[in-house]
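Notes to accompany the following structure.
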Amino acid sequence: MISSNKFPLLLIFIISCLLIACDSDSPTEDDTNNTNATWQTVFFDDFNRSNGLVGNNYYAVLYIPSVSVTDTLLITDNRIKLTGELYYAVMYAHAVTNDVIRISTKFTTSNADFINNSFGISAKASYSGTDNQMLTAYSGFVDASIDSFGIFKFTDGVMGEPVAAKSFDIKKNSAYTLRLTINQGVITLEITELPGGSSETVTFNESSTALTGTGISINGMLGAGDEVYFDDFKIEKFE
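The sequence shown begins at -6 in this note's numbering and counts up by one.
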């Protein structure tokens, strides 16, 4: 396991401050107790539409130090572009209640240097009843600045060290698919370089009661000179 003080501290800020307001591709039959189950798409967005606001399937919270908080998330040339010093949370606006789910997003880096470039996805998130701050979630994050990716568990409003992590070379001007699968108490995070590049997987076996929240989001942070794009956001269920 990779242990880095930098990685969890950055991600604690990303999630706890922003999420307000709202090794198997297929589960086994024993896990699902349904031999006829298949992966089904709950939601998919390739952002292939006119430049402008992303639409009402999302809540966005963008913290830009120079202008404070905004919710203006824009489509640019059929994908979402984020640039400059920024902390972001892009939340799917609908509850996903299935026990076995898979969330994936395509992230693309630019030619900019990696200053504080971290990106990822979160699922099974729950929120407080008073201020809608995220209390629990399973999260999969990449930190391009230190060539690492890992799974984090967020409980009681706190996230610590990754529960599973590996090194992975993150390159400039490159695309990666990040996929988080939650099969009840088995959480798997896979990163794949596109097209047809290297792939790595980490898995966390939950020893406590599995989280049951219904929130899903895309999260990350950028340094002043960083850029990232995301595309092909997909939520699937297995039933």
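Each residue gets a CB set at the ideal place from its N, CA and C atoms; glycine is no exception.
Positions of the beta strand (DSSP E) runs, each at least 3 residues long and wholly inside the region 25 to 109, are given as 32 to 38, 51 to 57, 61 to 63, 73 to 76, 79 to 85, 93 to 102 in order along the chain. Beta-bridge partners of Phe134 (DSSP): Gly113, Gly143.
With fewer than 16 neighbouring CB atoms inside 10 Å of its own CB, Phe37 falls in the exposed class. When the beta-carbon positions are compared, Leu66 and Val83 come within less than 9 Å of each other. For Arg172, the CB contacts under 6 Å within the same chain, skipping 5 residues up- and downstream, are Ser97, Glu183 in chain order. Annotation for Leu187: the continuous beta strand (DSSP E) segment containing it runs 179 to 187. Taking every protein chain shown into account, the CB of Pro188 has fewer than 16 other CB atoms within 10 angstroms, so this residue is exposed. By alpha-carbon distance to Tyr120, the top candidate from Thr205, Thr196, Ala137 is Thr205. For Asn50, the closest C-alpha among the options Pro58, Arg95, Asp39 is that of Asp39.
A residue is called buried when at least 16 other Cβ atoms come within 10 angstroms of its Cβ; Gly122 does not meet this threshold and is exposed. Contact between the region 71 to 87 and the region 162 to 170 is absent: fewer than three C-beta pairs spanning the two stretches fall below 8 Å.
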